[in-house]
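Let me begin by presenting the structure, written as structure tokens, before commenting on it.
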Ligand SMILES: NC(=O)c1ccc[n+]([C@@H]2O[C@H](COP(=O)([O-])OP(=O)(O)OC[C@H]3O[C@@H](n4cnc5c(N)ncnc54)[C@H](O)[C@@H]3O)[C@@H](O)[C@H]2O)c1
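Residue numbers (the numbering used here): 9 to 277.
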């Protein structure tokens, strides 16, 4: 018996990386999956977006767990698309219990004052406003079900620390914690919990396109620090999924408003 048998979980940015790992881990525990991803690249030349082939692999892996999946191409900035997907998910599956707001981009610039205005705006729109729009579209469906639920927002170690060379990312991820705490207050009376995870260095595409190398060149004092308290500080995506499954399940029934580091100790620095 799975810890999420009969539940329906939405995962944004589900085509690859942590989002795919979360979708598969939630499915392994019995959840039906609603997966969305932009399946496109945005402005950053170093951090490319996912593809339709990536999403097809997520679908294959969830179906391998004998779970149903509704997978769509949608932009977390597009409230109409999110609302339409929420309606479609309710029509197909009849309920929504879990929302994992995971999608993300990482744009860098050497200093805050040199950040391109459009890069700033895109990061805030995707990482912060997009996170709010996902909750705006899906939380009413959880309320409608009357059974309570769990919202899990992916912030970052950069949600509580500065990351030089990533001002908009840092600001947006701090903002996500404000969103999470407000939701915990407001949705709590519907027995909907809201929590955040703060991943450290996770082995995904976000770190693989040259962003780390460029950032290290610009900000060596920050990036040459080894911030892991464990022998291996580079976290596999499914290592983060274990925390997501915990926060989605009844094991965390009395945890709301929490920001859980999954960072090999990075945020102790
Ligand atoms: N990798 C890390 O070290 C790390 C550390 C801390 C936090 N995070 C956060 O973890 C989350 C997952 O990132 P990841 O590491 O799996 O990277 P990733 O680049 O592999 O995955 C991000 C996914 O989000 C999708 N996406 C981007 N913009 C979108 C939009 N507007 N609408 C819908 N989907 C969109 C991308 O297409 C991609 O599939 C992000 O929120 C990221 O900021 C990552």
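For each residue, glycine too, the CB sits at the ideal point set by N, CA and C.
No experiment lies behind these values; they were computed from the predicted model shown.
- The alpha carbon of residue 183 has as its nearest neighbour, out of 167, 191, 193, the alpha carbon of 167.
- Distance from the C-beta of residue 110 to the nearest heavy atom of ligand 1 is below 6 Å.
- Scanning its chain for C-beta atoms nearer than 7 Å, with the 5 sequence neighbours on each side dropped, one finds around residue 218 the residues 54, in chain order.
- In the displayed model, residue 45 falls within a strand according to three-state DSSP.
- Within its own chain, the residues whose Cβ lies closer than 6 Å to the Cβ of residue 103, once the five positions on either side in sequence are excluded, are 16, 153, listed in chain order.
- Beta-bridge annotation (DSSP): residue 241 is not paired with any residue.
- Residue 210 holds the alpha-carbon nearest to the alpha-carbon of residue 272 among 220, 265, 256, 210.
- Boundaries of the beta strand (DSSP E) harbouring residue 200: 200-207, taken from the DSSP string.
- The segment 64-73 and the segment 138-149 do not touch, with fewer than 3 CB-CB distances between them shorter than 8 Å.
- Look at residue 24: its beta carbon is less than 6 Å from one of the heavy atoms in ligand 1.
- With respect to the C-alpha of residue 158, the residue from 48, 251, 45 having the closest C-alpha is 251.
- The Cβ neighbour count for residue 72, taken over all protein chains shown within 10 Å, is under 16; the residue is labelled exposed.
- Close CB contacts of residue 238 within its chain, under the 8 Å cut and outside five residues either way in sequence, are with 272, 273 (chain order).
- Under the three-state reduction of DSSP output, residue 228 falls in the helix class.
- DSSP places residue 148 in no beta strand (DSSP E) but in the uninterrupted alpha helix (DSSP H) bounded by 138-153.
- Only residues of its own chain outside the window of five on either side were considered, and among them 58, 62 have a CB closer than 6 Å to the CB of residue 24, listed in chain order.
- In the structure shown, residue 249 falls within a helical segment according to DSSP collapsed to helix, strand and coil.
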